[in-house]
Ligand code: AKB
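Numbering (our numbering), first residue to last: 508 to 826.
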């Protein structure tokens, strides 16, 4: 049987920029269609090394046209606004995150596609246990981004139960990467710190020194996304919204790690009250034992290995 193609929405964002080539490497370039609302400069490998379509996820007809044109069987739906951006424009976040997801699920129902939906630690709130937050617990977030992610998780479950759609997903903590910069997130400090450490030897952090939030490094993000989509459905108890984590850090701890390689590195703090409030409402660390037990989540990068790799790659890139 002819293999169906894969569509990646938000393919020019932090994760899409790296997930698209990763998927093309596994399934062949012509079978992975990258899409985004606009073309951003400097990401030619995504737009030129395989099919690329302009798809605005708030427009159902654009999604359906792409599914039909390329005979799509699986959608990695990454198009989303992040937590800090959401607080400055909650309506815009709702339009992209909720209406966009609803449009994707409806199109997936019509064209019988599987869907990958990235959720976030943002689903948790002040009422959730803060340390080693369990897989199944209170999800009452205080950010609009978190509200959209909880509603998104539930909508995905609903489409699975009601229409039998194969929808799977992970709750990502902060994502550390070195290709495209993250934009508008609360965990972005953990990427920016590397750029500033290499360029100027110092960093001013918008979160408090002791703000503990879990992180994962991009190679583990990529492997985990494909692994959960290819997992044996018989072994999945949760299917959607798995907690995943690899590194538990604070800005202070990350700065100490950087000093091992850049001895003169200094960090100062200029707290952004909006992002600090979001960070304070999120867990200090996650329990990802369900992902480990049900489909073999086993991240390869801890703090030391990630830091060495980030410095190595970015030093070359930033020359
Ligand atoms: C954000 O900070 O908004 C995201 C997330 C944790 O989902 N990186």
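Ideal Cβ placement from N, Cα and C applies to all residues, glycine included.
Query                                                                                                                           : Result
4 or more residues per run - each alpha helix (DSSP H) lying fully within the region 594-671                                    : 597-600, 607-618, 651-670
Range of the contiguous alpha helix (DSSP H) that encloses residue 788                                                          : 780-788
Residue 689 Cβ short of 8 Å to the ligand AKB heavy atom set                                                                    : yes
Any non-hydrogen atom of the ligand AKB closer than 8 Å to residue 589 Cβ                                                       : yes
Residue 622 to residue 581 span [Cα, whole Å]                                                                                   : 6 Å
Secondary structure, beta strand (DSSP E): runs of 3+ residues fully inside the region 514-589                                  : 539-543, 559-561, 579-584
The beta strand (DSSP E) enclosing residue 719, as first and last residue numbers                                               : No beta strand (DSSP E) holds residue 719; DSSP gives it neither H nor E.
Any non-hydrogen atom of the ligand AKB within 8 Å of residue 614 CB                                                            : no
Residue 627 CB to nearest heavy atom of the ligand AKB below 8 Å                                                                : yes
Check: residue 640 C-beta below 8 Å from any heavy atom of the ligand AKB                                                       : no
Any non-hydrogen atom of the ligand AKB within 8 Å of residue 652 CB                                                            : yes
Check: residue 751 C-beta below 8 Å from any heavy atom of the ligand AKB                                                       : no
Extent of the continuous alpha helix (DSSP H) run through residue 796                                                           : 796-802
Opposing strand residues paired with residue 679 [DSSP bridges]                                                                 : 627
Cβ neighbours of residue 615 in the same chain (closer than 7 Å, five flanking residues each side left out)                     : 582, 622, 672
Straight-line Cα distance separating residue 625 from residue 676                                                               : 5 Å
Selection from 736, 643, 524 that minimises the alpha carbon distance to residue 686                                            : 524
Residues that residue 750 bridges to, as DSSP identifies them                                                                   : 678
Nearest-angstrom Cα separation, counted from residue 590 out to residue 693                                                     : 6 Å
At least 3 beta-carbon pairs within less than 8 Å: the region 755-772 vs the region 799-809                                     : no
Cut-off 8 Å between Cβ atoms - residues of its own chain near residue 573, not counting five sequence neighbours on either side : 514, 540, 542, 560, 562, 579
Counterpart residues of residue 814 in DSSP-defined beta bridges                                                                : Note: residue 814 sits in no beta bridge, so no partner.
Option in 679, 509, 617, 602 with minimal Cα separation from residue 666                                                        : 617
Whether residue 684 touches residue 698 by CB criterion (9 Å)                                                                   : yes
Those residues which DSSP pairs with residue 512 across a bridge                                                                : 579
beta-carbon residue 679 near the ligand AKB non-hydrogen atom, thresh 8 Å                                                       : yes
Backbone CA spacing between residue 537 and residue 545 [nearest angstrom]                                                      : 21 Å
Coarse secondary structure for residue 821, derived from DSSP in three states                                                   : helix
Residue 788 versus residue 516: straight-line alpha-carbon distance, rounded                                                    : 28 Å
Coil, strand or helix - residue 694 by DSSP                                                                                     : coil
Check: residue 491 C-beta below 8 Å from any heavy atom of the ligand AKB                                                       : Only positions 508 to 826 of the chain appear in the structure, and residue 491 is not among them; the question remains open.
Short CB-CB distance (under 9 Å) between residue 626 and chain B                                                                : Absent here is chain B; the protein component of the structure consists of one chain.
contact_flag[the region 592-605, the region 526-536] where n(CB pairs < 8 Å) is 3 or more                                       : no
Of the listed residues 717, 577, 612, nearest to residue 786 (C-alpha basis)                                                    : 717
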